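Residue numbers (the working numbering), protein chains in the order written: chain B, -14 to 178; chain U, 483 to 733.
Written below as structure tokens is the structure these notes are about.
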């Protein structure tokens, strides 16, 4: 199993690497296109601000490489959002794998949403063995609107897509690497896809 | 629904837990990693490590500890204590900390909040505020609550929100250590005036106090130390009782 975490300078990727290490898999951190293409599984992380993250992706050409990937790719948090068509954060055009847009939460709720919330209406093998209404750890100010690629839903003021899937591309808004044993199970499922 | 969070706080000196901890199952109660793992297993939602090391060498040990916690613990954690530079925050996040909390350094140089949130994102910037009432006014205190300032708690909290803080950790010095309950009136006012999460700290002594701070205090999370460390309030029982009182918690 060759697992690559795309390292483009965005956010805390150590936690993801450690989470896979706890599952017995040594993930490689890389921004080298050859190494990414040669991987069996790819993690596309992201914490921080969308427009600067997109800028880093464009500068390294990864925005062009990512849509051509054929192996399972898992976008986490901002990684998932950048795989959407666009995000209101910094009025940023995304990579456009998922046919949906990312909006800011309204101020009727506290922003960011920070903490544990449930995921439901689970579809996809990514959630094999995960029960409905399982708790996941989330930290975000922007959310993906539902589309027919929604594979998990969460309520926070509104009901939104907390996970998406398009062919070999998966995205989760929550942080499986920080979501206790249930989160670890999702990462393990991803390794088995 | 987003749940209310229960957060044990560990004081760390030179990479070791300092406040007496009385966990029967631990091989080494002074090892923050052992303790953190134990807390994650019993259902703590998050952890806060407060570094009270006085020396640079001691701080260095803490970085190593942060790395070991990140390696072994599968819930989020915050590191605070003596953080005043972007470089220090960068090092902590690189070691795997999810958030950092800043306190006196933000009062001394408020631009630090902007700088940190611009560089690392609001989500990882917790501003800790220690305050106590002087003539009926909540005044911010520095250096672990020992130095009073003229700064008003609510104005300061609003200012750091505007500067990009992702969360407020409010400790009432009037309540801390009393085990008489949290400063719920002030907490509710913070929650009403701000649009970021508020963590209540100082005063936890019973399960009822947690209920009160989540309902009357409108707190998003509650932090405590000794009641958890000495097993006075076991976290599974606390959460079960909160749930029975219709307070959303992760079980």
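All C-beta atoms, glycine included, are put in the ideal place defined by N, C-alpha and C.
Computed from a predicted structure; not experimentally measured.
Query	Result
Residue 691 of chain U - containing alpha helix (DSSP H), residue span	689 to 697
Residue from U:670, U:676, U:720 whose Cα sits closest to the Cα of residue 686 of chain U	U:720
Under 7 Å by beta carbon: chain B residues contacting residue 727 of chain U	In chain order: nothing, as chain B lies at least about 18 Å away.
DSSP three-state assignment for residue 655 of chain U, whether helix, strand or coil	coil
Under 8 Å between C-beta atoms of residue 47 of chain B and residue 122 of chain B	no
Contact with chain U by residue 73 of chain B, beta-carbon distance below 8 Å	no
The segment 130 to 145 of chain B contacting the segment 160 to 176 of chain B, beta-carbon criterion three pairs below 8 Å	no
For residue 99 of chain B: DSSP bridge partner residues	B:124
DSSP beta-bridge partners of residue 619 of chain U	U:616
Residues in the segment 85 to 99 of chain B having any Cβ partner in chain U nearer than 7 Å	92, 95, 96, 97, 98, 99
Candidates U:585, U:520, U:548, U:512: closest to residue 716 of chain U by CA position	U:520
contact_flag[the segment 57 to 71 of chain B, the segment 656 to 669 of chain U] where n(CB pairs < 8 Å) is 3 or more	no
Proximity test, Cβ basis, 8 Å: residue 138 of chain B and chain U	no
Residue 120 of chain B: contacting residues in chain U (beta-carbon distance under 8 Å)	485, 732
Alpha-carbon to alpha-carbon, residue 170 of chain B and residue 690 of chain U	35 Å
Simplified DSSP assignment, three categories, for residue 151 of chain B	strand
Minimum Cβ-Cβ distance from residue 169 of chain B to chain U less than 8 Å	yes
DSSP-derived helix/strand/coil call for residue 634 of chain U	strand
Closest residue to residue 533 of chain U among U:697, U:635, U:566 (Cα-Cα distance)	U:566
Coil, strand or helix - residue 93 of chain B by DSSP	coil
Bounding residues of the beta strand (DSSP E) (the contiguous stretch that carries residue 555 of chain U)	Taken as a continuous stretch (DSSP letters only), residue 555 of chain U belongs to no beta strand (DSSP E), as it is neither H nor E.
Three-state secondary structure (DSSP) of residue 29 of chain B	strand
Identified DSSP bridge partners for residue 543 of chain U	Note: residue 543 of chain U sits in no beta bridge, so no partner.
Residue-chain proximity (residue 129 of chain B, chain U), Cβ-Cβ < 8 Å	no
For residue -10 of chain B, the residue or residues it bridges with in DSSP	B:14, B:28
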